[in-house]
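Engineer:
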Amino acid sequence: MTADASLHVLILGATSGIAQATARLYASEKAVIGLAGRGRSRLEAIAQDLVARGASSVEIFEVDFTAAPPAGTLAAATRALGRLDHILLAYGVLGEQATAECDPAVARTIIDVNFGSAALWSLAAADLLARQGRGSLVVLGSVAGDRGRRSNYVYGSAKAGLAVLVQGISHRFAGRGPRAVIVKPGPTDTPMTAGIKKGSPLWATPDAVAEVVRKAADHGGPIVYAPARWRLIMLIIRNIPTLVFNKMNF
Ligand SMILES: NC(=O)c1ccc[n+]([C@@H]2O[C@H](COP(=O)([O-])OP(=O)(O)OC[C@H]3O[C@@H](n4cnc5c(N)ncnc54)[C@H](OP(=O)(O)O)[C@@H]3O)[C@@H](O)[C@H]2O)c1
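First residue of the sequence shown: -7, per the working numbering; consecutive thereafter.
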């Protein structure tokens, strides 16, 4: 950081449940926060809350990530915020697996948002950090990207591609100053999962995931699970023999 001691963070997908919980942690650190996403009134309400929680200042950027040019938008946000220390990419869509299997338009949206767009924004953010020679990029992937399964493999495949891309950015940055981390949350109680039954103790709160996301911007990676137990769970799931896996319905 330079003369101004506060962290300057830009959140892409600031209306997401996990992003909002993470933004609250940054606010408690008196960060300068940029909120990028759709819906001015929602962004304004989030900004007001963050200022009340201690944020030094909050700027709003109305952005549809599948439509806006990543490099130009990031440059404008950097100018508005003064500099960028941390960039969090949090947006995504779960989509309907069953519909995606027979409707290419639905499959395309899931793939375009979670991989196509997220990959281009990650690359533009990485380019910005590379030119700065410092700063952290944290991208939200998913445990769904670790093994394809019938209930969500279109979404999972896009998150798998994104994870490899961010891993590659992290390798590019190794020993050079900036950092990149893919955080893979397990099932988390947010608007994305509003329609899913939540009986299992494996469900996490957005606040629990946000703690991991916030720490990932400072250390660890290139792959971080949120909560951490998912590293072991996914190690087991990845290694279940196909014959057994095919009998499991999840
Ligand atoms: N919740 C989980 O169980 C879970 C598990 C693993 C990984 N994740 C990942 O964690 C991240 C955050 O998810 P969440 O649970 O916090 O979900 P969420 O509350 O549903 O947030 C998703 C956000 O993405 C935004 N978004 C989608 N497409 C956009 C676009 N083209 N332009 C601008 N904004 C767009 C949505 O904005 P609008 O409201 O305007 O559509 C929404 O604010 C996502 O990448 C998700 O895939 C979530």
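Glycine included, each C-beta is placed from N, C-alpha and C at the ideal position.
Note that this is a predicted model, so its numbers are computed, not measured.
1. What do you reckon, is the C-beta of A11 under 7 Å from a heavy atom of ligand 1?
2. Cα-Cα, which of L115, H0, D210 and R32 is closest to I52?
3. With three or more C-beta pairs closer than 8 Å as the rule, is the segment 62 to 70 touching the segment 100 to 120?
4. Which residues bound the beta strand (DSSP E) around E54?
5. Figure out for me which residue from V24, A68, A200 and N241 has the closest Cα to the Cα of D(-4).
6. Where do the N-terminal and C-terminal ends of the alpha helix (DSSP H) with Y18 fall, by residue?
7. Would you call the CB atoms of S134 and P214 closer than 8 Å?
8. Tell me the DSSP secondary structure of L194 in three-state form.
9. May I ask which residues mark the beginning and end of the alpha helix (DSSP H) holding P62?
10. Anyone know if the C-beta pair for L86 and M226 falls short of 8 Å?
11. Consult DSSP for H211 and reduce its assignment to one of helix, strand or coil.
12. Hey, how far is the Cα of L2 from the Cα of L27?
13. Taking the alpha carbon of V130 as the point to measure from, which residue in D41, G108 and A11 has its own alpha carbon closest?
14. Which residue's Cα is closest to the Cα of R168: Y147, D138, A152 and S128?
15. For K189, does the three-state DSSP call read helix, strand or coil?
16. I'd like to confirm something about R30: is its beta-carbon nearer than 7 Å to some heavy atom of ligand 1, or not?
17. Rounded to whole angstroms, what is the Cα-Cα separation between M(-7) and S149?
Structural biologist: Quick answer:
1. The sequence position of residue 11 within the sequence shown is 19, counting from 1. Judged by the Cβ position, A11 qualifies as a neighbour of ligand 1 at the 7 Å threshold, a heavy atom of the ligand being closer than this.
2. Looking up residue 52 in the sequence shown gives position 60. The candidate whose alpha carbon is nearest that of I52 is R32.
3. With the cut-off at 8 Å, the segment 100 to 120 and the segment 62 to 70 touch.
4. As a first step, residue 54 must be located in the sequence shown, where it is residue number 62. E54 -> beta strand (DSSP E) spans S49 to E54.
5. Locating residue -4 in the sequence shown gives position 4, where the first residue counts as 1. Of the candidates V24, A68, A200 and N241, the one whose C-alpha sits nearest the C-alpha of D(-4) is V24.
6. Stepping through the sequence shown from its first residue, residue 18 is reached at position 26. Residues G9 to S20.
7. Start at 1 with the first residue of the sequence shown, and residue 134 comes out as number 142. Start at 1 with the first residue of the sequence shown, and residue 214 comes out as number 222. Not a contact, by the Cβ cut-off of 8 Å.
8. By 1-based counting over the sequence shown, the position of residue 194 is 202. Coil.
9. The residue given as residue 62 occupies position 70 in the sequence shown. Per DSSP, P62 belongs to the alpha helix (DSSP H) from P62 to L73.
10. Locating residue 86 in the sequence shown gives position 94, counting from the first residue. Locating residue 226 in the sequence shown gives position 234, counting from the first residue. Taking a C-beta distance under 8 Å as the contact criterion, L86 and M226 do not qualify as a contact pair.
11. Counting from 1 along the sequence shown, the entry for residue 211 is found at position 219. Assignment of H211 by DSSP, reduced to helix, strand and coil, places it in the coil class.
12. Reading the sequence shown from its first residue, position 10 is the one you call residue 2. Reading the sequence shown from its first residue, position 35 is the one you call residue 27. Distance from the CA of L2 to the CA of L27, rounded to the nearest whole angstrom, comes to 6 Å.
13. As a first step, residue 130 must be located in the sequence shown, where it is residue number 138. Per the Cα distances, A11.
14. Position 176 of the sequence shown, counted from the start, is the residue given in the question as residue 168. When C-alpha distances from R168 are compared across Y147, D138, A152 and S128, the shortest belongs to S128.
15. The residue you call residue 189 lines up with position 197 of the sequence shown. K189 falls in the coil class under three-state DSSP.
16. Here the question's residue 30 lines up with position 38 in the sequence shown. For R30, the shortest C-beta to heavy atom distance toward ligand 1 is below 7 Å.
17. Position 1 of the sequence shown, counting from 1, holds the residue named residue -7. Position 157 of the sequence shown, counting from 1, holds the residue named residue 149. Because M(-7) carries a pLDDT of 45, less than 50, the predicted location of this residue cannot be relied on, and the following value inherits that uncertainty. Approximately 36 Å, taken between the alpha carbons.
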